[in-house]
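Per the numbering used here, the sequence shown runs over residues 7 to 154. One structure below.
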Amino acid sequence: MDTNTHTGKYLSKQDTLLNYTVMGAMRLSSAFAFSLPECTAVPKEIGGYRVPARCPVVIDAKRLNADPATWGKDSDTYRPERFRDIPPSGLRYGFMWFGVGVASGRCLGKHLADTVFKLTLMAVLERYSRHSGQDGPEIELRYIIQKE
């Protein structure tokens, strides 16, 4: 398998530390502070509030992406490996990256953006090495592609 094919397959995987790293960064530094308004089709109850039909609803992405109910007591801490333990169904209502609900399917560039984020991170890690000071602790470099 050539390098480009291997890299392409790796980038498309959702269970890699690289993917968790990008998702963790996007969770804490979302591209959007709020969702675009979407109107309810029927009357609903959201968070204990009655919302009439055809009422615009906006989601606070910052708050959603830091909700301890989904992310735990350390929800404000960058810990990308937490994505390993949360099934995709657990992220449905607890993580806003490219919009929510119907809007998440509207982002035509979300797969391209995801790939660009990952390639950028790989390029940075490939070009730089991290070394601790003489008296400092060893630094483990964990964000690498391992051939299968």
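Ideal Cβ placement from N, Cα and C applies to all residues, glycine included. Computed from a predicted structure; not experimentally measured.
Enclosing alpha helix (DSSP H) for Arg69 [first to last residue]: Translated into positions along the sequence shown, residue 69 becomes position 63. Looking at the DSSP string, the run of the alpha helix (DSSP H) that includes Arg69 is Ala67 to Leu70.
What's the gap between the Cα of Gly14 and the Cα of Val48? For the purposes of this step, residue 14 is taken as the residue at position 8 of the sequence shown. For the purposes of this step, residue 48 is taken as the residue at position 42 of the sequence shown. So the alpha carbons of these two residues sit roughly 42 angstroms apart.
Going by DSSP, which residues form a beta bridge with Val57? Numbered from its first residue, the sequence shown carries residue 57 at position 51. Under DSSP, the beta-bridge partners assigned to Val57 are Lys50.
Short CB-CB distance (under 8 angstroms) between Lys19 and chain C: Looking for chain C here will not work: only one protein chain is present.
Let me check one thing: in DSSP terms, what residues is Phe40 bridge-paired to? Residue 40 sits at position 34 when you count from the first residue of the sequence shown. The beta-bridge partner set that DSSP reports for Phe40 consists of Asp66.
Can you give the beta carbon distance from Asp104 to Lys116, rounded, assuming they're within the 8 angstroms contact cut? Here residue 104 is taken as the residue at index 98 of the sequence shown, counted from 1. Here residue 116 is taken as the residue at index 110 of the sequence shown, counted from 1. The question names Asp, yet the displayed sequence has Phe at residue 104. About 4 angstroms separates the two Cβ atoms, so the contact holds.
How many Å lie between Tyr55 and Lys19 at the Cα? Within the sequence shown, numbered from 1, the residue matching residue 55 stands at position 49. Within the sequence shown, numbered from 1, the residue matching residue 19 stands at position 13. Going from the Cα of Tyr55 to the Cα of Lys19 covers about 39 angstroms.
Could you please give me the residues that DSSP links to Cys45 through a beta bridge? Your numbering for residue 45 matches position 39 in the sequence shown. In the DSSP secondary-structure assignment, Cys45 is bridged to Pro62.
Put Arg103 into one of helix, strand or coil per three-state DSSP. To locate residue 103, count along the sequence shown from 1; it is residue 97. For clarity, residue 103 is Trp in the given sequence; the question names Arg instead. In the displayed model, Trp103 falls within coil according to three-state DSSP, outside both helix and strand.
Could you name the residues of the same chain whose beta carbon sits closer than 8 angstroms to that of Glu87, not counting the 5 residues immediately before and after it, in chain order? Residue mapping note: residue 87 aligns to position 81 of the sequence shown, counting from 1. For Glu87, the CB contacts under 8 angstroms within the same chain, skipping 5 residues up- and downstream, are Leu23 and Tyr26 in chain order.
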